[in-house]
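Since the structure comes first, as structure tokens, the remarks are kept for the end.
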Amino acid sequence: MAKKSLIQREKKRQKLEQKYHLIRQSLKKKIRSKVSPLSLSEKTKMREKLQSLPRNSAPTRLHRRCFLTGRPRANYRHFGLSGH
Numbered sequence: 001m002a003k004k005s006l007i008q009r010e011k012k013r014q015k016l017e018q019k020y021h022l023i024r025q026s027l028k029k030k031i032r033s034k035v036s037p038l039s040l041s042e043k044t045k046m047r048e049k050l051q052s053l054p055r056n057s058a059p060t061r062l063h064r065r066c067f068l069t070g071r072p073r074a075n076y077r078h079f080g081l082s083g084h
């Protein structure tokens, strides 16, 4: 069984990711858009806004855990359970 604090930390990251998902997605879309190209200064402003978002709101910071035991490894994606 994983420590309760680690499980709570992961839940907090999930909430932050859900909260900032649309903001992060729209900023990335604007930076990468080829339809209306931005100037270099506008792109840097967009990147600064993206960097000012909380670090834990990035989807790469999330880690899949077993919902019964909280085990971080050997998880089956479809079931959310660990193999142990």
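Note that the UniProt record's numbering gives residue 61 to position 61 of the sequence shown, counting from 1, and the numbers run on in steps of one. Where a beta carbon is used, it is the ideal one built from N, C-alpha and C, also for glycine. Keep in mind the model is a prediction, meaning the values are calculated, not measured.
Residue nearest to I31 in terms of C-alpha spacing, selected from H21, T44, K19, Y20: T44
Bridge-paired residues (DSSP) for S82: N75
Option nearest S57 by Cα separation, candidates F67, K11, K29, G80: K11
Beta-carbon contacts of L68 that lie in its chain and below 7 angstroms, excluding the five residues immediately before and after: L81
C-alpha distance - C66 paired with L27, whole-angstrom precision: 32 angstroms
Proximity winner among R64, S36, Q8, R71, relative to R77 (alpha-carbon distances): R64
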